[in-house]
């Protein structure tokens, strides 16, 4: 994520400095002197030029052979949000969603290039599918003791409103004010006892009190994603299974080979070792 934030912050600036042949044109004027495009370009080149240039080369070369759809980018962004949380939000605030999507696309291009040489069996794909659980959306009421949990459950059984009771009883400040809503989540995002209980519920069904290290939860599932058929998910599953087998060195080696085969020639003498350096990292 740090690499993304650094690279994303300067990609558009590097493009700006290269968009005019007049390098002496001022892009900033002050009473104490101006800053020209040449000055700006050279400073950006010195600080992050090699890293950004390699990203641009990879994107140019790989996009000719591999395609990434908006749906694939959306799916990957959801994965990143779950993994990085507020760091992702910060990256979007600083650089804009468009630039972040471009960086996600580049990562997917590199991954697609690398995984095409990895073999998977039908058994592996079906095993992944059988273990795959779609996301669910749930609300909960968290209390400290079993006695209170049973009291709340009894009120729910009599037809009292779940959201109202969550605001009144729940000890989870992050969800209580929203009627207990936890939003969408998938496997591995909640503690084991909570996840197991939630996935057993049907939409609209309310659990008995569930004990975890946090206290006692009363869970209500409010929505579930429909699990697609194996054939509908087969391509997506194959990509994920292959990606799980992939290591960074294998990915870099494949991308390096494709860049070398593309006959890349770097004109700026200060950046001519970009490809050689990347291959040694």
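Residue numbers (mature numbering (1 follows the signal peptide of the UniProt record, and there is no 0)): -20 to -1, 1 to 261.
Heads up, the beta-carbon is just placed ideally off N, CA and C, and yes, glycines get one too.
How long is the line joining the alpha carbons of residue i and residue j, rounded to whole angstroms?
i	j	result
residue 124	residue 178	19 Å
residue 6	residue 65	39 Å
residue 247	residue 40	16 Å
residue 225	residue 99	10 Å
residue 11	residue 95	55 Å
residue 30	residue 221	32 Å
residue 181	residue 119	12 Å
residue 92	residue 81	16 Å
residue 19	residue 9	13 Å
residue 68	residue 138	42 Å
residue 14	residue 74	25 Å
residue 218	residue 253	36 Å
residue 141	residue 193	26 Å
residue 245	residue 173	57 Å
residue 58	residue 185	27 Å
residue 240	residue 72	33 Å
residue 28	residue 101	42 Å
Got a sec, what are the start and stop residues for the alpha helix (DSSP H) residue i sits in?
i	result
residue 248	Element bounds for residue 248: n/a, residue is neither H nor E.
residue 50	50 to 64
residue 81	77 to 95
residue 37	30 to 42
residue 217	210 to 225
residue 144	142 to 149
residue 206	Premise fails: residue 206 is in no alpha helix (DSSP H) and is neither H nor E.
residue 105	102 to 111
residue 158	Unbroken run through residue 158: none, as it is neither H nor E.
Determine the extent of the beta strand (DSSP E) in which residue i is found, giving its start and end residues.
i	result
residue 242	From DSSP, residue 242 is part of no beta strand (DSSP E); its letter is neither H nor E.
residue 163	161 to 165
residue 7	6 to 10
residue 128	Premise fails: residue 128 lies in the alpha helix (DSSP H), 126 to 137, not in any beta strand (DSSP E).
residue 119	116 to 123
Return the Cβ separation of residue i and residue j in integer angstroms, given the expectation that the two are a contact with Cβ distance under 8 Å.
i	j	result
residue 89	residue 48	6 Å
residue 56	residue 84	5 Å
residue 204	residue 114	7 Å
residue 38	residue 86	6 Å
residue 122	residue 136	The Cβ separation is near 14 Å, so there is no contact.
residue 250	residue 25	6 Å
Should residue i be labelled buried (16 or more other beta-carbon atoms within 10 Å of its own) or exposed?
i	result
residue 168	exposed
residue 34	buried
residue 50	exposed
residue 171	exposed
residue 150	buried
residue 32	buried
residue 183	exposed
residue 175	buried
Review point. Any contact of the stretch 155 to 167 with the stretch 228 to 237, i.e. 3+ C-beta pairs under 8 Å?
Key: No, they do not touch.
Check your understanding: Are the stretch 162 to 176 and the stretch 193 to 209 touching by the rule of at least three beta carbon pairs closer than 8 Å?
Key -> The stretch 162 to 176 is in contact with the stretch 193 to 209.
Practice item. Inspect the CB distances between the stretch 187 to 194 and the stretch 126 to 142 and report whether three or more fall short of 8 Å. Key: With the cut-off at 8 Å, the stretch 187 to 194 and the stretch 126 to 142 touch.
Exercise for review: Answer yes if the stretch 108 to 115 comes into contact with the stretch 209 to 224, meaning at least three C-beta pairs across the two stretches below 8 Å, and no otherwise.
Suggested key: Short answer: they touch.
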